[in-house]
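First the structure, in the form of structure tokens, and then the observations on it.
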Amino acid sequence: MIGLKLGSQNAIVLNSYKAVAELFDKRGGIYSSRPQSYVTDALVGFKDVHILLLPYGNTWRHQRKLLQGFLNVNAIGAVLPIQTAEASHSLYQLLKEPQGWYDHIRRYSTAVILASVYGQRGKRFDSPRVQALYEVQDRWNEMIEPATAPPVEDFPILKYLPEFICTWKRKVRAIRHGQKSLYFALLEETRQKVREGKTDCFMAKLLAKQEEIQMDDEHLAHLCGIFMEAGSDTTASVLLTFILAMASHPQVLKKAQEELDSICGPDRSPNWDDCKQLTYMPAIINELVNMAKIAWAFDIVPEKQPVDVDIRTAFTEGMVTTPLNFPVDFKARSTMHAAIVEKEFKAADSFLAKLED
């Protein structure tokens, strides 16, 4: 362990897995709490509404318990039909508009959260809610990134300087307004759908027992908003990295396709029931079926070789590192594969239509 002095703050650097496991795993109840941060507190209006920023305590435990109600085995089982349908929709987009692959993947990750948490569709990447989420999330990540966040914790006097000197204060206010506007709009839209009996999403379940769980609208809006933050750009980053990996290692994709063909053939795409039979595909990535569908349906062909995979030039900078967009084509492996993609898209579109106004 190494101790550092950063302005008025003390920092400890852990340089071994053993030290990390000992302090954060075995003694996590002592050492895993969040330190207070003026910038992140300002982003949520100095309120205890965002579980990511909360220290250990009763409020954190209460919110964690509610979130686990969405993440347990039974609840996840209810999300699978939505995830499968949105994956089929994305396959169809890749088949018909391969040049827009980057945004199709980003749409998918957000659409699953919109549908399962709020009972709404994110049918295209340019859908208002999908765009609003990425805009808010990009600005949020930029503000809390250690290299760009103002060093207020190190030099507390900075918090007292006026806004015309500290332009970051204006940015914080704008981010807070954008995030709050989005989350409250989604809350009210879900509440209206509940009144009309049109949705049974996670937010609807919380609204039905809002008094019992003692959550006001602001806490409820941010509690569900954390799913948007956690499940959009981070999930998209994993999926985009898979595309980059398969484009740069076609021999790996070929081997995965051989395994999938032995189980599914060309007559259907993979589903969750196939997971226990897969051995090579899980070794590629833990996002089993979502990635398996793409590997089953398409040959991923880059426009030029070699594909740049250098972390310094092929990826974005920031807290969430994502491959940069690069020219690649998605070629259906056969007319049968293309036909199945279209067939499953029609079934998925019919299933997801209930989420549209």
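Each residue of the sequence shown is one higher than the one before, starting from 60 at the first, in our numbering.
Note that the Cβ used here is the ideal one computed from N, Cα and C, for glycine as well.
Bounding residues of the alpha helix (DSSP H) (the contiguous stretch that carries residue i)
i       : result
Gln-316 : 309-323
Gly-88  : 87-90
Gln-269 : 269-272
Lys-77  : 76-79
Residue range of the unbroken beta strand (DSSP E) whose run includes residue i
i       : result
Ile-359 : 357-361
Gly-284 : Not the beta strand (DSSP E): Gly-284 falls in the alpha helix (DSSP H), residues 276-290.
Leu-63  : 61-65
Ala-70  : 68-72
Where residue i sits in the DSSP three-state scheme
i       : result
Phe-385 : coil
Ala-373 : coil
Leu-113 : coil
Leu-139 : helix
Gln-95  : coil
Gly-256 : coil
Lys-335 : helix
Lys-390 : strand
Pro-365 : coil
Leu-347 : Only weak support exists for where Leu-347 lies, its pLDDT of 45 falling under 50; the value from the coordinates is given anyway. Leu-347 falls in the helix class under three-state DSSP.
Met-484 : The chain is shown from 60 up to 416; residue 484 falls before or after that span and cannot be answered.
Gly-128 : helix
Asp-408 : helix
Thr-380 : coil
Ile-302 : helix
Glu-415 : coil
Phe-447 : Any property of residue 447 remains undetermined from this structure, which presents the chain solely from 60 to 416.
Asn-133 : helix
Asp-100 : helix
Arg-327 : coil
Assumed close pair residue i, residue j - CB separation to whole angstroms, cut-off 8 Å
i       : j       : result
Ile-285 : Val-387 : About 32 Å; that fails the 8 Å criterion.
Lys-252 : Gly-178 : 6 Å
His-163 : Ser-147 : Not confirmed; about 12 Å, so no contact.
Val-103 : Leu-112 : 7 Å
Ala-191 : Gly-181 : That pair is no contact at about 10 Å.
Asn-74  : Ile-61  : 7 Å
Ile-431 : Met-287 : Nothing in the structure corresponds to residue 431, since the chain is present only between 60 and 416.
Ala-397 : Leu-154 : 6 Å
Leu-265 : Leu-125 : 7 Å
Met-340 : Glu-376 : Actually they are not in contact, since the Cβ atoms of Met-340 and Glu-376 sit about 31 Å apart, beyond 8 Å.
Tyr-76  : Leu-82  : Incorrect: roughly 11 Å between the Cβ atoms, too far for contact.
Asp-100 : Thr-118 : Rounded, the Cβ-Cβ distance is 14 Å, inconsistent with contact.
Leu-414 : Ala-174 : 6 Å
Asp-213 : Leu-65  : 5 Å
Pro-114 : Ser-92  : 5 Å
Ala-144 : Leu-411 : 5 Å
Any non-hydrogen atom of the ligand ZN closer than 8 Å to residue i Cβ
i       : result
Gln-251 : Absent from the structure shown: the ligand ZN. Ligands present: none.
Contained alpha helix (DSSP H) runs [length at least 4] in the region 154-240, N- to C-terminal order: 160-172, 187-203
Are the region 233-243 and the region 187-205 touching by the rule of at least three beta carbon pairs closer than 8 Å? yes
With contact counted as at least three CB pairs below 8 Å, one residue from each stretch, are the region 327-344 and the region 372-386 in contact? no
Does the count of Cβ pairs from the region 128-148 and the region 308-321 closer than 8 Å reach three? no
contact_flag[the region 315-335, the region 391-409] where n(CB pairs < 8 Å) is 3 or more: yes
Three or more C-beta pairs below 8 Å linking the region 287-299 and the region 252-262: no
Examine the Cβ distances between the region 273-285 and the region 238-249 and report whether three or more of them are shorter than 8 Å. yes
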